[in-house]
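One structure is given here, and the rest of the page talks about it.
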Amino acid sequence: MFGLICHCSNCKKLSGSQMMCASVYSKSHFTVNKGEPAQYADTQTDSGKPATRYFCPKCGSQLYCTMAFNEKLVIVFSGSLDEEFSRKWKPNKEQYLCRKTDSLPDFRIVEKAGLPMKHRKGPFGF
């Protein structure tokens, strides 16, 4: 569906970086091909609704998440993609610009959103 860069505090902590990069897909087009990921419910979200985080039970790598406020979408962390897909990953949406680290460059992205989700309406407020 689309590539997303998120600068919210929650995603920064989750990714261990200054931003989180992910691909957002329709849940109907997503399957886990091998193994059973472990999960936990993250309740520290701006929406106040939990995000279910899925990770590898062997190594702890973050794989993907789902959000209670929009259960039709799956957010796949770009770092979990195989290299052939990871190298081609391209963001086209960026959000939480109000929390973007000052030293990061201005990314050439089509859609940008600066306000936290609770203060605006929009199609990609995670």
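At position 88 of the sequence shown (counting the first as 1) the number is 84 in the numbering used here, and the numbers step up by one without a gap.
Every residue, glycine too, gets a C-beta built ideally from N, C-alpha and C.
Because the structure is a prediction, the values reported are computed rather than measured.
Delimiting residues of the alpha helix (DSSP H) encompassing C148: Given a span of -3 to 122 for the chain in the structure shown, any question on residue 148 remains unanswerable.
Using the rule of at least 16 other Cβ atoms within 10 Å of the residue's Cβ for burial, across every protein chain shown, is P53 buried or exposed? exposed
Top-ranked residue by Cα proximity to S43, from S5, N29, Y50, G75: S5
I'd like the ranges of any alpha helix (DSSP H) spanning at least 4 consecutive residues and lying wholly in the stretch 5 to 80. 5 to 11
Using CA coordinates, which residue listed in E80, Y50, T41 is at the minimum distance from V28? Y50
I think Q58 touches F81, with their Cβ atoms under 8 Å apart; what is that distance to the nearest whole Å? About 16 Å separates the two Cβ atoms, so there is no contact after all.
Cut-off 6 Å between Cβ atoms - residues of its own chain near Q35, not counting five sequence neighbours on either side: T48, Y50
Between N88 and G31, what straight-line distance do the alpha-carbon atoms span, to the nearest angstrom? 30 Å
Please classify M15 as buried or exposed, where buried requires at least 16 other C-beta atoms within 10 Å of its C-beta. buried
How big is the Cα-Cα spacing for K84 and S22? 19 Å
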